[in-house]
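>
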Amino acid sequence: MSSEHPASAEPAAPPVCKTGAQVVVDALLAHGVDTVFGYIGASVLPLFDRLHAAPIRFVVPCHEQGGCHMADAYARASGRTGVVIATSGPGACNLVTGLATAMMDSVPLVAITGQVRTDLIGGDAFQEAPMVGITRPVTKHNYIVKDIKDLARTIHEAFYIASTGRPGPVLVDLPVDVEFAAWQSDATAQIHLPGYKVRTVGDATQITRAAEAIDRAQRPVLLAGGGVISGNATGELRELARRANLPVAMTLMGLGSYEQTLPESLDMLGMHGTAYANYAVQECDLLIAVGVRFDDRVTGDVRSFAPKARVIHIDIDPASIAKNVRVDIPIVGDAKTVLSGLARHVRFGERAAWFAQITAWKDAWTPDFDRVASAIKPQYVIEELCRRTDGEAVITTGVGQHQMWAAQFYRFRRGRQLITSGGLGTMGFGLPAAIGAQLARPEATVIDIDGDHSFNMTLSELSTAVQAQLPIKICILNNGYMGMVRQWQELFYDRRYVHSRVSNPDYAAYARAVGATGITVDAKADVGAAIDRMLVEKKPCIVDFHVEAHENVWPMVPAGKGLHEMQGLPLPVAAV
7 MSSEHPASAE PAAPPVCKTG AQVVVDALLA HGVDTVFGYI GASVLPLFDR LHAAPIRFVV
67 PCHEQGGCHM ADAYARASGR TGVVIATSGP GACNLVTGLA TAMMDSVPLV AITGQVRTDL
127 IGGDAFQEAP MVGITRPVTK HNYIVKDIKD LARTIHEAFY IASTGRPGPV LVDLPVDVEF
187 AAWQSDATAQ IHLPGYKVRT VGDATQITRA AEAIDRAQRP VLLAGGGVIS GNATGELREL
247 ARRANLPVAM TLMGLGSYEQ TLPESLDMLG MHGTAYANYA VQECDLLIAV GVRFDDRVTG
307 DVRSFAPKAR VIHIDIDPAS IAKNVRVDIP IVGDAKTVLS GLARHVRFGE RAAWFAQITA
367 WKDAWTPDFD RVASAIKPQY VIEELCRRTD GEAVITTGVG QHQMWAAQFY RFRRGRQLIT
427 SGGLGTMGFG LPAAIGAQLA RPEATVIDID GDHSFNMTLS ELSTAVQAQL PIKICILNNG
487 YMGMVRQWQE LFYDRRYVHS RVSNPDYAAY ARAVGATGIT VDAKADVGAA IDRMLVEKKP
547 CIVDFHVEAH ENVWPMVPAG KGLHEMQGLP LPVAAV
């Protein structure tokens, strides 16, 4: 027998005839998907029927928006791509807020939506919605698959696009007749995207220029954004800071990229950032920004942002560089790779005078509150949470004052520890995010720090946590107001509190009604015991803290002002 056809050779396996629904399931398994979130409906029944037999955990939320936030938080907590499925029409439309949230915060997500039959598309069929058009502005990319021959390739491309470059959500719209259709598939698909190029390795000349600028700087600041965390570059960031002796500020999305208990940490920058971070950026002579978008909440008045500094901007997305802030040394590339290269080139700089100035700012303006007040201060609750969890919990939040207090008073130690809606500012994110994070990190203590108005938006998902038997913790800082709106009304609208106050339900009673534990805390002396009880619960637990109603978040940079124009500092700015 010829050596080209040895007797032991196995004949090539013939292609297997599969339905479109099975092709999708096989593609999910090929990408290691073990958890999917979604809501069933007529146009995804074939897909659900196949998912039932797959080794995939499926979590059914109370609302598709909640399911999308769960998939988003699963991705943030795990570093993997989240997956959500919804039926056509209203089910698919209900994903839009979740997709926009993931898009703004660069979260890898694949959404699969059912669609009416291909022959009905465009005829205003029952539960038809043009999802490609609707979601184009809030996704990184989207598809509609009208031929089963394109299905496997499309799903593989969706995962690739979602997780590479600047991550983001990708939507695949799937007509029901394509799910039913059968085709002989060998379960492989080649990805060929000639127009999609991801540059991961930064230009060597630019890296050398950046290293030289760092070595020369007398007052540098290293600014870490969410891209450091999504790029798994926290170790490289810390190594650069150590080698070059750099103070490190973080955006809201970058919290945890540098351990906040270390003296080099400037903590959070921006509208409600620390005074010492804001002053340091305004006075620095070099700003090394990594994985940041320079949005308005970070920069304040962009015309007066970092006025004395040269700017190094490192980002994997070339469209983000110099979009909002002038840049002197742009570096397009993966944060992990570029930071590693920078760390090899820089020298240690003493900068004693610069660190002495930072220490003086910290001594004068470390975030604080009235610690002798008899009422429960929201900051006190968060400090106690941090102390009693040793700063190790995974924290999710809604959006509002409670989010800013969590950022100010919980001391984050590592990446993927704070999961919050930054760019879109989506109220209601906290509870479903806690569910997604707990599923991604079953060994972790997951706590949703929430506000009453924010919690009200998605409180129905508590029953999802009960059904999934997840021991998530929810701490509601209940001040009876839409707190951040009330603060703005106090400061800028002559205390006209228009529609920012409502009567809340009894959250503890609601928790018990759906099978969770509910605790109400009215006295400051009971805060610690309630937290301890919450932490040992084996099922979902709400603690409703009735906090000081008119507490404000300080400092605050008013809209249109520079970072140095903060309100709410205990000493006048002239003390600098």
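Start counting the sequence shown at 7; every next residue gets the next number (the working numbering).
Think of the CB as a built atom: it goes at the ideal place given N, C-alpha and C, for glycine as much as any other residue.
(1) Using CA atoms only, rank isn't needed, just tell me which of 316, 282, 342, 146 is closest to residue 575.
(2) Mind checking who residue 271 pairs with in its DSSP beta bridge?
(3) Could you tell me if the beta carbon of residue 339 falls within a distance shorter than 7 Å of some heavy atom in the ligand SAM?
(4) Restricting to runs no shorter than 4 residues, where is the alpha helix (DSSP H) found entirely within the stretch 512-568?
(5) Can you tell me which residues form a DSSP beta bridge with residue 494?
(6) Would you kindly report the start and end of the unbroken beta strand (DSSP E) that includes residue 372?
(7) Are the Cβ atoms of residue 476 and residue 553 separated by less than 8 Å?
(8) Can you tell me whether residue 228 is buried or exposed? The criterion is at least 16 other CB atoms within 10 Å of its CB, across all chains shown.
(9) Identify the continuous beta strand (DSSP E) that holds residue 484 and give its terminal residues.
(10) What are the start and end residues of the alpha helix (DSSP H) that includes residue 384?
(11) Quick one, are the C-beta atoms of residue 242 and residue 346 less than 8 Å apart?
(12) Go ahead and label residue 441 buried or exposed: buried means 16 or more other beta carbons lie within 10 angstroms of its beta carbon, across all protein chains shown.
(13) Can you round the beta-carbon distance between residue 338 and residue 321 to whole angstroms, since I take them to be within the 8 Å contact cut?
(14) Looking at the structure shown, is residue 329 part of a helix, part of a strand, or coil, going by DSSP?
(15) From residue 361 to residue 368, what distance separates their C-alpha atoms?
(16) Taking Cβ positions, are residue 105 and residue 74 nearer each other than 8 Å?
(17) Please name the residue, chosen from 312, 301, 225, 288, that lies closest to residue 270 on a Cα-to-Cα basis.
(18) Does the Cβ-Cβ distance between residue 175 and residue 438 come in under 8 Å?
(19) Identify the residues that DSSP records as bridge partners of residue 191: which are they?
(20) Short check: CB of residue 116 to CB of residue 178, under 8 Å?
(21) Could you tell me if residue 435 is buried or exposed, where buried requires 16 or more neighbouring beta carbons within 10 angstroms of its beta carbon?
(22) Helix, strand or coil for residue 424 per DSSP?
(23) In terms of alpha-carbon separation, which member of 248, 539, 162, 134 lies closest to residue 523?
(24) Specify the secondary structure class of residue 461 as computed by DSSP and reduced to three states.
(25) For residue 46, which residues does DSSP report across the bridge?
(26) Straight-line CA distance for residue 567 to residue 388?
(27) Considering residue 148, what are the terminal residues of the beta strand (DSSP E) in which it resides?
(28) Using a Cβ-Cβ cut-off of 6 Å (strictly less than) and excluding sequence neighbours within five positions of residue 245, which residues of its own chain qualify?
(29) Consult DSSP for residue 580 and reduce its assignment to one of helix, strand or coil.
(30) Spatial neighbours of residue 277 within its chain, please: CB distance less than 6 Å, with the 5 preceding and 5 following residues excluded, ordered by chain position.
(31) By the 10 Å Cβ neighbour count, where 16 or more other Cβ atoms means buried, how is residue 28 classified, buried or exposed?
(32) One question on the structure: do residue 233 and residue 296 come within less than 8 Å of each other, judged by their Cβ atoms?
(33) Which residues mark the beginning and the end of the alpha helix (DSSP H) in which residue 215 is found?
(34) Are the CB atoms of residue 419 and residue 571 nearer to each other than 8 Å?
(35) Mind the definition here: the stretch 54-73 touches the stretch 39-46 only if three or more C-beta pairs lie below 8 Å; say whether that holds.
(36) Using C-beta distances below 7 Å, list every residue in its chain close to residue 494, excluding the 5 sequence neighbours before and after it, in chain order.
On the basis of the data shown:
(1) 282
(2) Beta-bridge pairing links residue 271 to 254.
(3) As presented, the structure is devoid of all ligands, the ligand SAM included, so that no description of it is given.
(4) 513-519, 533-542
(5) DSSP lists no partner for residue 494.
(6) Bounds of any beta strand (DSSP E) do not take in residue 372, whose DSSP letter is neither H nor E.
(7) no
(8) buried
(9) According to the DSSP assignment, residue 484 belongs to the beta strand (DSSP E) that extends over 479-484.
(10) 384-394
(11) yes
(12) Counting the other Cβ atoms within 10 Å of the Cβ of residue 441 gives 16 or more, which makes it buried.
(13) 7 Å
(14) coil
(15) Here the alpha carbons of residue 368 and residue 361 stand approximately 10 Å from one another.
(16) The Cβ atoms of residue 105 and residue 74 sit closer than 8 Å to each other.
(17) The shortest C-alpha separation from residue 270 is found at 225.
(18) no
(19) 22
(20) yes
(21) buried
(22) DSSP places residue 424 in strand when its eight states are reduced to three.
(23) 539
(24) helix
(25) Partner(s): none; residue 46 has no beta bridge.
(26) Spanning the two alpha carbons is a distance of roughly 28 Å.
(27) 147-150
(28) 349
(29) Any answer about residue 580 is weak, because its pLDDT of 42 lies below 50 and its placement is not dependable; what the coordinates show is given next. In the three-state scheme derived from DSSP, where H, G and I count as helix and E and B as strand, residue 580 is classed as helix.
(30) 303, 563
(31) buried
(32) yes
(33) 210-222
(34) Contact flag unset, no.
(35) Touching, per the Cβ criterion.
(36) none
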